[in-house]
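So the structure is just underneath, and the comments pick up after that.
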Amino acid sequence: MKIAHHVDHSTLMSFAAGSLPEALGAVVATHISVCSQCRGELRALECVGSAILGSLPPASMKKIAPSVPDAGGSIRIDEGDHVLAAIERSGDVPAPLSRFVGSDLSGVRWKRLGLGVWHHPIELSHASRGDLRLLKISPGQVMPEHGHGGTELTMVLAGSYQDECGVFGIGDVADLDDQVHKPVADRNTGCICLIASEQKARFKGTFARLFQPLTGM
0 MKIAHHVDHS
10 TLMSFAAGSL
20 PEALGAVVAT
30 HISVCSQCRG
40 ELRALECVGS
50 AILGSLPPAS
60 MKKIAPSVPD
70 AGGSIRIDEG
80 DHVLAAIERS
90 GDVPAPLSRF
100 VGSDLSGVRW
110 KRLGLGVWHH
120 PIELSHASRG
130 DLRLLKISPG
140 QVMPEHGHGG
150 TELTMVLAGS
160 YQDECGVFGI
170 GDVADLDDQV
180 HKPVADRNTG
190 CICLIASEQK
200 ARFKGTFARL
210 FQPLTGM
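Going by numbering that gives the first Met the number 0, 60 is the number at position 61 of the sequence shown; the sequence numbering is gapless.
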């Protein structure tokens, strides 16, 4: 399966510059670990950034800058498709995410979010804002209609879903602004996603709003 939906170019630029919020950055790092196209774009953006920095006059530093690990690990740009195929076969978790939720989706501990919907919150660092979690939706289940403040990134890890923007399969990313949408999981496979937002989701409808305080979302 080829990835059809990618991270927006402006989002990738922010990631390359190190200015993307932690929650959103986690989704981008997970996506580029399996996507050859976005991984190649990121390398190009990093080269441009290096050239710009190289043209600036030197400045003294009070302390040594910390090293930042490569979000894609040891995966080469041209290996993205092979990694994606392995994830489709085995259900393994992409490397950047596995350190937080384990190496296999079958081992995730889920909490019920609503009818046919479960979630697994992922803790961010103390100073970070936003929300990051895994979301599991039963086959054919409609996620409660919701909006959110700022950007929301959703990456499919297993199964598929569709919404107003199209059909999203494994590796695909929905890069959304502050808009309302209502995903529907595939009727045969259901869906497991990694979802991040700058603010917590705002569910629509009386039942959803009453239930939300009990879920931690």
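The beta-carbon is built from N, C-alpha and C at its ideal position, and this holds for glycine as well.
On a CA-only basis, which of Ala15, Gly115, Val100, Leu123 is nearest Leu133? Give me that one, please.
-> Sorting Ala15, Gly115, Val100, Leu123 by C-alpha distance to the C-alpha of Leu133 places Val100 at the top.
Exposed unless 16 or more other CB atoms sit within 10 angstroms - verdict on Pro138 | Under this definition Pro138 is an exposed residue.
Looking only at its own chain, which residues have a Cβ that is under 7 Å from the Cβ of Gly24, when we skip the five neighbours before and after it?
-> Excluding five sequence positions before and after Gly24, the CB atoms of its chain that fall closer than 7 Å to its own CB belong to Phe14, given in chain order.
Quick one: Cα of Gly204 to Cα of His30, how far?
-> Note that Gly204 has pLDDT 48, beneath the 50 cutoff, so the model's placement of it is unreliable and no number is given.
If you draw a straight line from the C-alpha of Leu104 to the C-alpha of Arg98, how long is it?
-> Cα to Cα, Leu104 sits roughly 12 Å from Arg98.
Residues that Val116 bridges to, as DSSP identifies them | Looking at the DSSP output, Val116 shares a beta bridge with Gly113, Ile136.
Do you know offhand how far Ser18's Cα is from Thr10's?
-> Whole-angstrom Cα-Cα distance: 10 Å.
Can you name, in chain order, every residue of its own chain whose Cβ lies under 7 Å from the Cβ of Asn187, other than the five neighbours on each side?
-> Excluding positions up to five away in sequence, the list reads Pro138.
Looking at C-alpha atoms only, which residue of Glu163, Gly170, Ile191 is the closest neighbour of Gln36?
-> Check the Cα spacing between Gln36 and each of Glu163, Gly170, Ile191: the tightest is with Gly170.
Please check the pair Val27 and Leu152, which I expect to be a contact at CB under 8 Å, by giving their CB distance rounded to whole angstroms.
-> Contact between Val27 and Leu152 is confirmed by a C-beta separation of about 7 Å, below the 8 Å threshold.
If you draw a straight line from the C-alpha of Ile194 to the C-alpha of Val155, how long is it?
-> If you draw a straight line from the Cα of Ile194 to the Cα of Val155, it is about 9 Å long.
Opening and closing residue of the beta strand (DSSP E) in which Leu175 lies = Under the DSSP assignment, Leu175 falls in the beta strand (DSSP E) whose first and last residues are 172–175.
In three-state terms, what does DSSP make of Thr188?
-> Coil.
Considering Gly24, what are the terminal residues of the alpha helix (DSSP H) in which it resides?
-> Gly24 -> alpha helix (DSSP H) spans 21–31.
For Asp91, which option in Arg111, Met142, Ala157, His118 has the closest C-alpha, if you only look at C-alpha atoms?
-> For the residues Arg111, Met142, Ala157, His118, the minimum Cα distance to Asp91 belongs to Ala157.
So, helix, strand or coil for Val6, using DSSP?
-> Judged by DSSP in its simplified three-state form, Val6 adopts coil rather than helix or strand.
Using a Cβ-Cβ cut-off of 7 Å (strictly less than) and excluding sequence neighbours within five positions of Met142, which residues of its own chain qualify?
-> If we look at Met142 and ignore the five residues flanking it on each side, its Cβ neighbours are Val116, Ile136, Lys181, Pro182.
Which residues share a DSSP beta bridge with Leu193?
-> Bridge partners of Leu193 according to DSSP: Leu133, Met154.
Distance between Met12 and Glu45 (C-alpha atoms, nearest Å) | If you take the alpha carbons of Glu45 and Met12, they lie about 9 Å apart.
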